[in-house]
Amino acid sequence: MTSDYSPSSLLEGNIRLLRLIPYRDKDAPIQCELFDYPFLERDEGSHLYEALSYAWGSSNKPQCIWIGNYKVPVTASLHSALRHMRDRYLERILWADAICIDQINAEELNKQVEIMAIIYAKSGSSNHLVGRCNGGAR
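Residues 1 to 138, numbered by the UniProt record's numbering, are exactly what the sequence shown covers, in order.
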């Protein structure tokens, strides 16, 4: 188990989605899975994922989540948003730019940023979590 996580290459027209695994203990580590989704193949209507919009805040990554067997550092604001959104019983399918876009791959980053407005517009819903208030997202 390592923090040297590197997402797989995306095929043209695909995006990565995040499966947020449910857990009954709200303090349990956040566990996720990433998978590719043929976003541009399906042109009609909304898609069955939630687009997460949150304040990036500091670029420090003091928190971690698990993606498969990899411990991945994330910002405090993203960690708080995922903890807030995690259900006790049902998995949620999310799109969060900091995780779903390979931030190190400049070519992928540029292509995904170009379609970001469409990613938000085509989501089944958008969740806007703008900060922390009394220990939780607001």
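Virtual Cβ for every residue (Gly too), placed ideally from N, Cα, C.
Fair warning: this is a prediction, and the values are worked out from it, not measured in the lab.
Whole alpha helix (DSSP H) elements within the region 72–114, 4-residue minimum: 76–85, 97–100, 106–114
Cβ distance (whole Å) where I49 is taken to contact L78 below 8 Å: Here residue 49 is taken as the residue at index 49 of the sequence shown, counted from 1. Here residue 78 is taken as the residue at index 78 of the sequence shown, counted from 1. Strictly speaking, residue 49 in this sequence is Tyr, with Ile absent from that position. The Cβ separation is near 16 Å, so there is no contact.
Which of helix, strand or coil DSSP assigns to I119: Position 119 of the sequence shown, counting from 1, holds the residue named residue 119. Helix.
Validate contact between the region 82–101 and the region 14–22 using beta carbons, cut 8 Å, 3 pairs: yes
Where L40 sits in the DSSP three-state scheme: Within the sequence shown, the letter at position 40 stands for residue 40. Correct three-state label for L40: helix.
Exposure label - A96; buried when at least 16 CB within 10 Å: Start at 1 with the first residue of the sequence shown, and residue 96 comes out as number 96. A96 is buried by the Cβ-count criterion.
Residue burial classification, I118 (beta-carbon count within 10 angstroms, cutoff 16): As a working mapping, residue 118 is identified with position 118 in the sequence shown. That one is exposed.
DSSP three-state assignment for G136, whether helix, strand or coil: Against the sequence shown, residue 136 aligns to sequence position 136. Unreliable positioning characterises G136 in this predicted model, as indicated by a pLDDT of 41, which lies under 50. The coordinate reading is nonetheless provided below. Strand.
Unbroken beta strand (DSSP E) run spanning A51, endpoints: As a working mapping, residue 51 is identified with position 51 in the sequence shown. That run of the beta strand (DSSP E) goes 47–54.
E12 (DSSP reduced to helix, strand or coil): Indexing the sequence shown from 1 puts residue 12 at position 12. Of the three classes helix, strand and coil, the one that applies to E12 here is coil, per DSSP.
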